[in-house]
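I have placed the structure first, in the form of structure tokens, so that the comments after it can refer back to it.
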Amino acid sequence: DGGITQSPKYLFRKEGQNVTLSCEQNLNHDAMYWYRQDPGQGLRLIYYSQIVNDFQKGDIAEGYSVSREKKESFPLTVTSAQKNPTAFYLCASSIGSFTGELFFGEGSRLTVL
Amino acid sequence: AQSVTQLGSHVSVSEGALVLLRCNYSSSVPPYLFWYVQYPNQGLQLLLKYTTGATLVKGINGFEAEFKKSETSFHLTKPSAHMSDAAEYFCAVSETDSWGKLQFGAGTQVVVTP
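Structure follows, in structure tokens:
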């Protein structure tokens with residue numbers, strides 16, 4: 019079945035450590051996105067990529083980095099510069115049109131100890 | 236800048252009763268509008284969307300929503316709640332040139348009581 023796979027599902031990290039969250043899709047979608055979800059705040063866009071080797075900052079990009087070397091993959095690195103990294107992270111993809119329908123992975127929950 | 240307001244962070248409904256979740260948006264141009272559902276510790280699933288055409292949109296699981304431009308609203312309804320409807324619901328909006336970049340509301344948690 020086609021879909022989006024995020025790993026790991028749960029991740030614990032110590033303060034000061036970088037951590038990378040994986041996102042892979044086999045939907046042949048052009049565009050991919052990373053959102054952060056905090057209780058009571060909805061989803062906020064971190065980074066997005068419309069084509070391979072290109073990506074743009076979203077609303078809350080500080081302390082995060084991404085790469086898009088392959089169409090299928092869009093990993094997110096949470097760096098030590100991110101002040102409050104504990105959150106639920108969601109990866110999504112879309113066919114790259116103006117209708118905006120997003121397909122989501124099941125998320126990765128990051129906890130900083 | 237566009238924004239989305241969902242009225243009520245928690246809604247409790249009885250099984251079999253009407254479900255009504257309110258969403259208002261602010262946008263300088265006619266937007267695309269979406270409702271997503273999220274079950275615990277999972278990603279979001281699209282319920283329905285409005286892009287153009289008929290303003291009453293039907294989605295999955297018996298949900299529907301009506302786009303009212305004059306009221307800048309896109310409220311979600313379901314005539315009869317089922318226990319499986321317990322989840323968090325998000326309204327989202329994108330402007331026609333933003334290519335999938337959605338602005339989400341804060342979400343409404345729905346609890347269904349027997």
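Those protein sequences? They're chains A and B, same order as listed. For the first sequence, position 112 matches number 130 in this note's numbering, and the numbering has no gaps at all. For the second sequence, position 38 matches number 273 in this note's numbering, and the numbering has no gaps at all. We put the CB at the ideal spot given by N, CA and C, even for glycine.
S98 of chain A versus I78 of chain A: straight-line alpha-carbon distance, rounded: As a first step, residue 98 of chain A must be located in the first sequence, where it is residue number 80. As a first step, residue 78 of chain A must be located in the first sequence, where it is residue number 60. When rounded, the distance between both Cα atoms is 15 Å.
First and last residue of the uninterrupted beta strand (DSSP E) at K303 of chain B: Along the second sequence, read from residue 1 onward, the residue named residue 303 of chain B stands at position 68. Run containing K303 of chain B: 299-303, per the beta strand (DSSP E) assignment.
Beta-carbon contacts of K101 of chain A that lie in its chain and below 7 Å, excluding the five residues immediately before and after: Numbered from 1 along the first sequence, position 83 holds the residue referred to as residue 101 of chain A. Correct list, in chain order: G81.
Below-9 Å beta-carbon distance, L120 of chain A vs any chain B residue: For the purposes of this step, residue 120 of chain A is identified with residue 102 of the first sequence, where counting begins at 1. Yes, L120 of chain A lies at the interface with chain B (some Cβ there is under 9 Å from its Cβ).
Helix, strand or coil at D72 of chain A [DSSP, three-state]: As a position in the first sequence, residue 72 of chain A is number 54, starting the count at 1. It is a strand residue.
The segment 50-66 of chain A contacting the segment 81-97 of chain A, beta-carbon criterion three pairs below 8 Å: The segment 50-66 of chain A, when compared against the segment 81-97 of chain A, does touch it at the 8 Å Cβ threshold.
Cα-Cα separation between D320 of chain B and E301 of chain B, rounded to whole angstroms: As a working note, residue 320 of chain B is residue 85 in the second sequence. As a working note, residue 301 of chain B is residue 66 in the second sequence. Straight-line Cα distance between these residues: approximately 19 Å.
Check whether T312 of chain B and G243 of chain B have beta carbons under 9 Å apart: The residue labelled residue 312 of chain B in the question sits at position 77 within the second sequence. The residue labelled residue 243 of chain B in the question sits at position 8 within the second sequence. No, Cβ-Cβ distance for T312 of chain B and G243 of chain B is not below 9 Å.
Per-residue contacts from E124 of chain A into chain B (C-beta, under 8 Å): The residue you call residue 124 of chain A lines up with position 106 of the first sequence. Close to E124 of chain A, with beta-carbon spacing below 8 Å, are these residues of chain B in chain order: N276, Q277, G278.
Boundaries (first-last residue) of the beta strand (DSSP E) holding Y267 of chain B: Here residue 267 of chain B is taken as the residue at index 32 of the second sequence, counted from 1. Following the DSSP letters along the chain, one finds Y267 of chain B inside the beta strand (DSSP E) bounded by residues 266-273.
Helix, strand or coil at E323 of chain B according to DSSP, with G and I counted as helix: Within the second sequence, residue 323 of chain B is the residue found at index 88, counting from 1. E323 of chain B falls in the strand class under three-state DSSP.
First and last residue of the uninterrupted beta strand (DSSP E) at I78 of chain A: For the purposes of this step, residue 78 of chain A is taken as the residue at position 60 of the first sequence. Taken as a continuous stretch (DSSP letters only), I78 of chain A belongs to no beta strand (DSSP E), as it is neither H nor E.
Coarse secondary structure for N296 of chain B, derived from DSSP in three states: On the second sequence, residue 296 of chain B is found 61 positions in, with the first residue counted as 1. Three-state DSSP puts N296 of chain B in a helix.
Nearest to E119 of chain A (by Cα), restricted to the options B:F325, B:K284, B:P266: Position 101 of the first sequence, counted from the first residue, corresponds to residue 119 of chain A. The shortest Cα separation from E119 of chain A among B:F325, B:K284, B:P266 belongs to B:K284.
Contact check, F325 of chain B vs G125 of chain A, beta carbons under 9 Å: Working through the second sequence from its first residue, we reach residue 325 of chain B at position 90. Working through the first sequence from its first residue, we reach residue 125 of chain A at position 107. Result no, Cβ atoms of F325 of chain B and G125 of chain A do not sit closer than 9 Å.
Buried/exposed call for E306 of chain B, threshold 16 Cβ in 10 Å: For the purposes of this step, residue 306 of chain B is identified with residue 71 of the second sequence, where counting begins at 1. Exposed.
Y82 of chain A at chain B interface by Cβ criterion, 9 Å: Counting from one through the first sequence, the residue named residue 82 of chain A turns up at place 64. No - not a single Cβ of chain B is within 9 Å of the one on Y82 of chain A.
Simplified DSSP state of E306 of chain B, which is helix, strand or coil: For this step, residue 306 of chain B is matched to residue 71 along the second sequence. If DSSP states are grouped into helix, strand and coil, E306 of chain B belongs with the helices.
Neighbourhood of Y260 of chain B by C-beta distance below 6 Å, restricted to the same chain and skipping five residues each side: Counting from 1 along the second sequence, the entry for residue 260 of chain B is found at position 25. Once the five neighbours on either side are set aside, the close Cβ partners of Y260 of chain B are V239, T307, V328.
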